[in-house]
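Top to bottom, those sequences are chains A and B.
Under this note's numbering, the first residue of the first sequence is numbered 1, with each subsequent residue one higher.
Under this note's numbering, the first residue of the second sequence is numbered 403, with each subsequent residue one higher.
Below: the structure, in structure tokens.
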Amino acid sequence: MNIHEYQARQLLAQYGVAMPAGDVCDTPEQARQLANQLLAGGENLLAVKSQIQAGGRGKGTFKSGFQGGVKVCRTADEVFVNAKAMLGNVLVTKQTGPEGRQVNRVLVVGAPSIQKEFYAAVLLDRSTSRPVLMASAAGGVDIEEVAARTPERIIKESIDPALGLMPYQARKVASRLELRGDLIGQAAKLLQGLYRTWWECDASLVEINPLCLILTREHKLALLAVDAKVSLDDNALYRHPAIQGMRDLAEEAALEIEASKYSLNYIKLDGNIACLVNGAGLAMATMDIIQHFGGRPANFLDVGGGATKEQVAAAFRIILQDPNVKAILVNIFGGIMDCDVIATGIVAAVKETGLKLPLVVRLEGNNVESGNLTLAQSGLTIVRGDSMADAALKVVGSIGSP
Amino acid sequence: MSILVTPQTRVLVQGITGAFGARHAQLSLAYGTQIVAGVTPGKGGQLFDNKVPIFDTVAEAVKQTGATASAIFVPPAFAADAIFEGVDAGLELVVCITEGIPVNDMVKVRRVLEDQRTRLIGPNCPGIVTPGEGRDSHGGCRIGISPGYIHKKGHIGVVSRSGTLTYEAVWQLTCRGVGQSTCIGIGGDPVNGTSHLDAIKLFDADPETHGIIMIGEIGGAAEEEAAEWIRSHCRKPVAGFIAGATAPPGRRMGHAGAIVSGGKGTAAAKIAAFKEAGIAVAPTPSEMAETLLKMM
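Have a look at this one:
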């Protein structure tokens, strides 16, 4: 699960991570009021930041024509004007796709005088099955590009989960970032806060980009987490009710939410051949084989190992809500699951939805003969696929040239 | 022979009284597997299916029945604890079927396993099957949820992250009259017990395994790691398939571990690593068995 920047700040604050002062606002009036408070508290510059769960906000464009999802302001009136231009409007960035995302909240925070930008993150290192702290002096930019072009600029510190991130490890990383004096202690506290957020919140990613060296009003150097991204492990949400409450359904695709109600795993893609498959690996492989024979998959859809009649019916309804779909491929390897139960479910779903599109079904496994008989005797136009390849060829052929 | 389990392996089932565990314990019994004990805390002293004794703890079950392997069917919130209990009881093999275990729980499990002799398969996996000699491979050792009847005793090892793709490969072999030594589903989670490489090394060392099918998918670099070893060490033909070439980056494709993130873990990179290592890559998932048989 992804959360907004302002929510990530709430989690990080619990673990003592230093961040610019500020808060989230729902209305322009609220933003003005908060701006007045922050300016009175000594901030010279403020940032108004659109809260959507996608990167590239600063360079994004609103559908209204307004430029920039992040704005730096000098006065409370300026904050009001910018918040008003953002709130309720749809922001398009390089990560949102052309449909963009509606901005329902803005974060108003102090915009400190930045001397240098770093990168810091905690994530799972799959090769060691341990957490890893990653840091770089090349912050504020796309870290994937840094990793690809200059991997030597990425510092990695593996963490023993039995011990956590030890203070010396955090100091070692700070030193390699060429921080000196009391900044080493500040960095160590901040990095340990990142790790504790990751571990105790069951995060899959805690990322600070940029982590900034700033000049305080007293002309001292300090470290602040200026932008924050936190993703959570869905499997662990059950033990974090407060974090569960942070889920923003407006950020998720409607069909994917609908599918999750039936324990179906659905991801919409941009092709026109829908597929309905049992098992994640087989579902991916089915998408691949459609493409192999020149078609384009419209979705990933895993109905799980023990799909019921109700789930199959729900799966058909969800698939058919995608207007791009021109044909459907059902690929079921019924190991334990009875193929005849699935076939009965398919027939019921086709009748219920009044399906007019070409439908190719490939059944294999337990009681497959009865299943195929049920399909054949249904009186419906269902094309049988004898193997995955046969089924894929037939479904691609059914829509002519894609 | 086979790897990890034989028809003689004595198996206990953790979570045998839950609906899921009970169903598959029955199917394993029907397959002829030596299911010798069940474990459900608080139900010790009862019998499962009128024949299998149930114990409160794994330690007690091991002591009383000599079980050396376990299948875990407990809900995700309790699964890591169930694995720890199996490790503590000194089991040689723990197979965790449970899907949806928090990643940090598995990070802890892996940390504990570093100092232990127990091998973990899974979680979020179909388990392991060593086919038997009877009809529809009856008499084999089935730990987990794989359909037993699709197997046939023979000499091909199968290892895969995906359940249904394992069945697909096994069925393709069996339909061609080619049997399997052992088939392992290692699971679709980002942190698991047995890796592709672990399984490949075991198959390579098993005299009864003559060829290997390795099925991978997007996410992580376990397939590349196995390919690297195969290139210079493996003495047996290996055919492979990678699922997820069409998956969009940044999206989790059903399995928690099936995600291309930061440009890493792509199907293209894995396929390239396979080819470089001399692994024959099936052009489609329909041709996994065919691709291996052409090499042999």
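For every residue, glycine included, the Cβ atom is placed at its ideal position computed from N, Cα and C.
Going by DSSP, what residues sit across from residue i in a beta bridge?
i	result
residue 23(A)	108(A)
residue 218(A)	None, per the DSSP bridge assignment.
residue 408(A)	This structure cannot speak to residue 408(A), because chain A is shown only from 1 to 402.
residue 518(B)	DSSP, once it has assigned bridges, lists no residue as partnering residue 518(B).
residue 131(A)	124(A)
residue 546(B)	529(B)
residue 265(A)	302(A)
residue 416(B)	441(B) and 474(B)
residue 225(A)	211(A)
residue 260(A)	In the DSSP output, where bridge partners are listed per residue, residue 260(A) has none listed.
residue 450(B)	454(B)
Span of the beta strand (DSSP E) holding residue i?
i	result
residue 362(A)	359-365
residue 299(A)	299-302
residue 47(A)	46-50
residue 557(B)	555-562
residue 339(A)	From DSSP, residue 339(A) is part of no beta strand (DSSP E) but of the alpha helix (DSSP H) over 339-353.
residue 157(A)	154-158
residue 619(B)	613-619
residue 331(A)	327-334
residue 457(B)	454-457
I believe residue i touches residue j by the beta-carbon criterion, under 8 Å. Please report the beta-carbon distance rounded to the nearest angstrom.
i	j	result
residue 186(A)	residue 222(A)	7 Å
residue 406(A)	residue 342(A)	For residue 406(A) there is no data in the structure shown, the boundaries of chain A being 1 and 402.
residue 12(A)	residue 228(A)	6 Å
residue 399(A)	residue 327(A)	5 Å
residue 482(B)	residue 511(B)	5 Å
residue 435(B)	residue 418(B)	That belief does not hold up - the Cβ atoms of residue 435(B) and residue 418(B) are roughly 13 Å apart, past 8 Å.
residue 5(A)	residue 51(A)	6 Å
residue 340(A)	residue 1(A)	38 Å between Cβ atoms; not a contact.
residue 110(A)	residue 241(A)	The Cβ separation is near 31 Å, so there is no contact.
Any heavy atom of the ligand MG inside 7 Å of the beta-carbon of residue i?
i	result
residue 530(B)	This structure lacks the ligand MG, and indeed carries no ligand of any kind.
Would you give the residue range spanned by the alpha helix (DSSP H) that residue i belongs to?
i	result
residue 693(B)	690-697
residue 512(B)	505-515
residue 144(A)	143-149
residue 6(A)	5-14
residue 584(B)	That residue, residue 584(B), is in no alpha helix (DSSP H); its beta strand (DSSP E) goes 582-587.
residue 422(B)	421-433
residue 643(B)	First-last for residue 643(B): 640-645, but that is the beta strand (DSSP E), not the alpha helix (DSSP H).
Once the 5 residues before and after residue i are set aside, which same chain residues still bring their CB inside 8 Å of it?
i	result
residue 255(A)	266, 268, 318, 321 and 322
residue 333(A)	278, 279, 282, 364 and 365
residue 626(B)	671, 672 and 675
residue 569(B)	528, 548, 549 and 552
residue 514(B)	486 and 489
residue 197(A)	11, 12, 14, 15, 17, 122, 203, 206 and 230
residue 324(A)	270, 271, 272 and 298
residue 665(B)	651
residue 172(A)	157
Short of 7 Å in beta carbon distance, which residues of its chain neighbour residue i, apart from the five on each side in sequence? Order them along the chain.
i	result
residue 668(B)	620 and 662
residue 502(B)	478
residue 335(A)	365 and 366
residue 622(B)	592, 659 and 667
residue 165(A)	133, 159, 191, 192 and 195
residue 136(A)	118, 119, 143, 146, 153, 154 and 155
Enumerate in chain order the residues of its own chain whose CB-to-CB distance from residue i is below 6 Å, with the five nearest sequence positions on each side excluded.
i	result
residue 643(B)	617, 684, 687 and 690
residue 647(B)	669
residue 66(A)	85
residue 484(B)	416, 474 and 476
residue 294(A)	396
residue 56(A)	93, 94 and 95
residue 411(B)	471 and 543
Establish whether the CB of residue i and some CB of chain E are separated by less than 8 Å.
i	result
residue 619(B)	The structure shown has no chain E; the protein chains it does contain are A and B.
**Asked** Going along the chain, which residues of the region 628-658 of chain B sit with their C-beta nearer than 8 Å to a C-beta in chain A?
**Response** 643, 645, 646, 647, 648, 649, 650, 653, 655, 656, 657 and 658
**Item:** Chain-ordered residues of the region 358-391 of chain A with a beta carbon less than 7 Å from chain B
**Value:** 364, 365, 366, 387, 388 and 389
**Item:** Selection of the region 212-238 of chain A by Cβ proximity to chain B, strictly under 7 Å
**Value:** 233, 235, 236 and 238
**Message:** Beta carbons nearer than 7 Å to chain B: which residues of the region 258-288 of chain A have them?
**Reply:** 265, 267, 269, 278, 279, 280, 281, 282, 283, 284, 285, 287 and 288
**Asked** Of all the residues that make up the region 18-42 of chain A, which are near chain B by a beta-carbon distance shorter than 9 Å?
**Response** none
**Request:** Quick one: which residues of the region 148-182 of chain A get their C-beta closer than 8 Å to a C-beta of chain B? List them in chain order.
**Result:** 148, 160, 161 and 162
**Asked** Any residues in the region 243-257 of chain A with a beta carbon nearer than 7 Å to a beta carbon of chain B? Which ones, in chain order?
**Response** none
**Message:** Taking beta-carbon pairs under 8 Å, can you tell me which members of the region 112-133 of chain A lie near chain B?
**Reply:** 124, 126, 127, 129, 130 and 131
**Prompt:** Going along the region 295-317 of chain A in order, which residues come within less than 8 Å of chain B, judged by CB to CB distance?
**Reply:** 297, 300, 302 and 305
**Request:** Check each residue of the region 491-503 of chain B: if its Cβ is closer than 8 Å to any Cβ of chain A, include it; give the result in chain order.
**Result:** 502 and 503
**Request:** Can you give me, in chain order, the residues of the region 583-600 of chain B that have a beta carbon less than 7 Å from any beta carbon in chain A?
**Result:** 590, 592 and 593
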